[in-house]
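Residue numbers (the UniProt record's numbering): 1 to 208.
Ideal placement from N, C-alpha and C gives every residue a C-beta, glycine not left out.
Being a predicted model, the structure only gives us computed values, none of them experimental.
Notes for the one structure printed next.
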Amino acid sequence: MRRTKEDAAKTREEVLSAAAEVFYEHGVSGSSLDKIAKRAGVTRGAIYWHFKDKAEVLTALHREIKLPQEAIISDALEHGHDDPLGLIETGSMSVLRLLAEDEHQQRIFAIMTLSCEFTEDMSEATSRVVAANAEMYGKLQNIIRLAARQDMLAVGWTVDTAARAFQCSVNGLFGEWLRSGKTFSLVEVGEKLVTTLIGSMRAAKATH
Numbered sequence: 001m002r003r004t005k006e007d008a009a010k011t012r013e014e015v016l017s018a019a020a021e022v023f024y025e026h027g028v029s030g031s032s033l034d035k036i037a038k039r040a041g042v043t044r045g046a047i048y049w050h051f052k053d054k055a056e057v058l059t060a061l062h063r064e065i066k067l068p069q070e071a072i073i074s075d076a077l078e079h080g081h082d083d084p085l086g087l088i089e090t091g092s093m094s095v096l097r098l099l100a101e102d103e104h105q106q107r108i109f110a111i112m113t114l115s116c117e118f119t120e121d122m123s124e125a126t127s128r129v130v131a132a133n134a135e136m137y138g139k140l141q142n143i144i145r146l147a148a149r150q151d152m153l154a155v156g157w158t159v160d161t162a163a164r165a166f167q168c169s170v171n172g173l174f175g176e177w178l179r180s181g182k183t184f185s186l187v188e189v190g191e192k193l194v195t196t197l198i199g200s201m202r203a204a205k206a207t208h
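Shown next, in the form of structure tokens:
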């Protein structure tokens, strides 16, 4: 029985690895469980043993995103933080370094931020990508709200515009890095972008 559980876990891991590749290459709407099964070298039945549909596979992939600052962010939202904008800055640097080094994480992040077809009749799978993006935006918004409550957000910025500007900038950077064939340093360019943007959001008295 133990061996069967180990085999099942291994199959699930292989399916998710294959799914990340297929979604990355073909987009959400252009992918199917058949394509994933073929890439993983398993039957559709093997996939259905773990996932009921494509949307559930996407959900599982989203849970695999490993954000280095996740625990710190959760603690800050619950108990507060003396420098919320600094938390975004250092957390973003960690994410950029992770994405630069880990191709599997690159694929998942790209799927959740770039591989979404916005149509009126979105599939459940595509809707899952939209929900994942909204979840990321919500966390960013909540952290910036902490800064605003502590009078650390510069005049001219609102919580919504700051969160949206930051998300668009970082996602745009990552997308351009991929489209360019990774011809520039994601970390070097990203650090300058993040530092400059966060610096513009800091109230004068909150400058560190």
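Inter-residue Cα distance where the pair is residue i and residue j
i: residue 263; j: aspartate 83; result: An answer regarding residue 263 cannot be provided, because it is not within the stretch 1 to 208 covered by the chain.
i: alanine 204; j: glutamate 135; result: 30 Å
i: alanine 55; j: threonine 126; result: 8 Å
i: glutamine 150; j: serine 123; result: 41 Å
i: alanine 154; j: tyrosine 24; result: 38 Å
i: alanine 163; j: aspartate 7; result: 43 Å
Where residue i falls: helix, strand or coil (DSSP)
i: arginine 3; result: Its pLDDT being 49, under 50, arginine 3 is placed unreliably in this model, and the coordinates cannot settle the point.
i: leucine 114; result: coil
Cβ-Cβ separation, residue j to residue i (assumed contact under 8 Å), whole Å
i: leucine 58; j: arginine 128; result: 5 Å
i: isoleucine 88; j: leucine 173; result: Not quite, the Cβ-Cβ distance comes to about 15 Å (not below 8 Å), so this is no contact.
Exercise for review: May I ask you to verify whether the stretch 93-112 touches the stretch 156-169, counting CB pairs closer than 8 Å and requiring at least 3?
Suggested key: They do not touch, by the three-pair rule.
Exercise for review: Examine the Cβ distances between the stretch 104-113 and the stretch 19-27 and report whether three or more of them are shorter than 8 Å.
Suggested key: yes
**Study point:** Runs of alpha helix (DSSP H) lying entirely within the UniProt DNA-binding region "H-T-H motif" (32-51), each at least 4 residues, in chain order
**Key:** 33-40 and 44-50
Check your understanding: What runs of the alpha helix (DSSP H), each 4 residues or longer, lie entirely inside the stretch 124-153?
Key -> Every unbroken stretch of the alpha helix (DSSP H) spanning 4 or more residues and falling wholly within the stretch 124-153 is given here in chain order: 124-149.
Exercise for review: Count the CB pairs spanning the stretch 125-142 and the stretch 37-49 that are closer than 8 Å, and state whether there are at least three.
Suggested key: no
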